[in-house]
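Right, one structure below, let's go through it.
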Amino acid sequence: MSKQTYKVGFFFRRQFTMAAAEAPADIKNLFKRYSDDSGVMSVQNLHRFLIEIQKEKNASLENAEAIINNHGGDSKQKGLQLDGFFKCLFSDVNPPLDPKIGIHHEMTAPLSHYYIYTGHNSYLTGNQLSSDCSDVPIIQALQRSVRVIELDIWPNSDKDDIEVLHGRTLTAPVALIKCLRSIKEHAFSASEYPVVITLEDHLTPDLQEKVAEMITQTFGDMLFSPSESLKELPSPESLRKRVMISTKPPKEYLQSKEVKEKDDTKKEAEDDIDEEEDEDEDDEEDPKSEKKAASEYKRLIAIHAGKGKGGLSDWLRVDLNKVRRLSLSEPELEKAVDTHAKEIIRFTQQNLLRIYPKGIRVDSSNYDPFVGWMHGAQMVAFNMQGYGRSLWLMHGMFRANGGCGYVKKPDLLLKAGPNNEVFDPTANLPVKTTLKVTVYMGDGWDKDFDQTHFDTYSPPDFYAKLGIAGVPADEVKKRTKTMDDNWIPSWDEQFEFPLTVPELALLRIKVLDYNLSDKDEFAGQTCLPVAELRQGIRAVPLYDRKGEKYSSVKLLMRFEFI
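Everything in the sequence shown is counted per my numbering, starting at 10 for the first residue and increasing by one.
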């Protein structure tokens, strides 16, 4: 029925609770298979269902009994009827990721063995050119378990204090001390694992001394500042509730204002406002700059940053006697993986690699994080206010490992194979497993959206898009049919995703409302780490564009590895 001819009188939103009659045929058949002749699923049969279908090997009879008691079980016959069984499967207590397992990755390996939830220009509230700088986005990031906060520090107009702002733009500054105090207060509100503050330093030595004093007084014993350069990075476990500083070691302040202006002009000509200060110095200090200010500032730096002299091969050299952080822009990484892919992976087995967005992303958009991830980059820095597909992938990756902000990299990126060969993400690898996904139905839009949000005169026409994000061989996109004029779409479709590197795969899900004459309208999304998916029938909550979970919208899906 077309939108134009749909009768308004037929348009009523559902005002009743979803009944068992709406359950997909597969759910009804499974209930029949695991229930007795009287239409009741006993504790024993529910226990069997949990083990055989839901693949919950550790499920107990007590677990089954608790489910029955919490979902309207029949008190006389001690079991679930179809309505209670369906509601149980389609409830918030049956998510696709197991909340009980929490942080379960090994956390005692060096920091270089983990993907780390990383922010870019963490103080910006909006675009890169004219938005306000504030501690609010820093607090919000920490509350999402972001573990790397970036601050660009500049002298104030009187040259006697330090401000945080995006240099050479119209962004309004915020005081450094305010940012530091907010980091201290909120650093471990969502995760106890270490927070790294990366500093982009544009200060004179006297102001560096003032920064050292601010940091020391603010963080006190929380600060991890080793007495000498690290030969190996410490583990997240050993640094619980600690804060680390990462920046370039201090060097002689630029010799003259003219040199500084020349560098600025060159950067602007390259149309890359976000380009970091040239890291063309080795970690060794110029003896002339060994002043008290520099030494106090340097003492605070736990992870030294710097490219070193020379070109890409020199930047990626591995020094067995010290570790460091290298920063590459998004375009630099794209070029580097074409010529030095293996060297990048070897570098990231011991050192940290940070990637940041190209400067022309003035709208605070983001890039494909997998270019960095599949080459071992730990700190793929994102604009956390840059909502869209790329940030949804970032959210999905860091839902893993209890959402603590640290995700262990796959072994294939950490170990060399025969003949010292490293992982090649573009190689034609055999399929390790196949993820089979059934999209049964969706529900909750009528509770979370206004009656006319999608269409003025008729219910929405929902369809779902599914895809795998990961290594190139695994990436694929699929979609369901469109269900016309229905607040409770019932697709009941199956899809199979062969995976060569399931350890790096993310399952992307997005629901849209089809429009004949306009752009299809967004109706929810989620992104899930494939390696942590629970098999069986699960209720999958959807999120809005900003990554906030809807109160009611979810999909009923089944996941199987075959």
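The beta carbon of each residue, even a glycine, is placed where N, CA and C say it ideally should be.
### Start and end residues, beta strand (DSSP E) containing F471
F471 to A478
### Task
List the DSSP bridge partners of K417.
Y123
### Task
Just the C-alpha distance for G556 and I186, rounded to the nearest angstrom, thanks.
29 Å
### Query
Does the Cβ of K486 have 16 or more other Cβ atoms within 10 Å, making it buried, or fewer, making it exposed?
exposed
### Task
Buried or exposed for Q460, please, with buried defined as at least 16 other CB atoms from any protein chain shown within 10 angstroms of its CB.
exposed
### Query
Ordered along the chain, which non-local residues of its own chain (more than five positions away) have a Cβ less than 8 Å from that of K441?
L508, T509, V510 and P511
#### Entry: Outcome for F391 when other beta-carbon atoms lying within 10 angstroms are tallied against a minimum of 16
buried
### Query
So is V145 buried or exposed if we call it buried at 16+ other beta carbons inside 10 Å?
exposed
### Query
By Cβ distance, which residues of its chain are closer than 6 Å to L242, with the 5 residues on each side in sequence left out?
P119, L120, S121 and V332
### Message
Excluding the 5 residues flanking D470 on each side, which residues of the same chain have their C-beta closer than 7 Å to its C-beta?
### Response
T491, M492, D493, D494, D522 and Y523
### Task
Just mark K257 as buried or exposed, buried being the case when its beta carbon has 16 or more other beta carbons within 10 Å.
buried
### Classification of V431 by the beta-carbon crowding that lies within 10 angstroms, buried from 16 upward
buried
#### Entry: Boundaries (first-last residue) of the beta strand (DSSP E) holding K87
Element bounds for K87: n/a, residue is neither H nor E.
### Query
What separation, rounded to the nearest whole angstrom, lies between the Cα atoms of F197 and I254?
16 Å
### Query
Roughly how many angstroms separate the alpha carbons of G411 and D457, rounded to a whole number?
27 Å
### Query
Hey, how far is the Cα of M388 from the Cα of L361?
7 Å
### Task
Using only alpha-carbon positions, find the residue among G405, V157, Q217 and M406 that is nearest to Y306.
Q217
### Exposed unless 16 or more other CB atoms sit within 10 angstroms - verdict on A436
exposed
### Exposure of S247, with buried meaning 16 or more beta-carbon neighbours within 10 Å
exposed
### N- and C-terminal bounds of the beta strand (DSSP E) containing R517
L515 to D522
### Secondary structure, alpha helix (DSSP H): runs of 4+ residues fully inside the stretch 416-457
454-457
### Query
Helix, strand or coil: how does DSSP classify D45 here?
coil
### Query
Does DSSP put I224 in a helix, in a strand, or in coil?
helix
### Query
Looking at the structure shown, is L309 part of a helix, part of a strand, or coil, going by DSSP?
coil
### Task
Could you please give the first and the last residue of the uninterrupted alpha helix (DSSP H) stretch that includes I162?
Element bounds for I162: not the alpha helix (DSSP H) but the beta strand (DSSP E), V157 to P164.
### Message
Considering just the uninterrupted stretch of the alpha helix (DSSP H) at R363, what are its terminal residues?
### Response
First-last for R363: L361 to Y365, but that is the beta strand (DSSP E), not the alpha helix (DSSP H).
#### Entry: Sheet register partners of C142 (DSSP bridge)
L133
### Task
Look up R57 in the DSSP assignment and say whether it is helix, strand or coil.
helix
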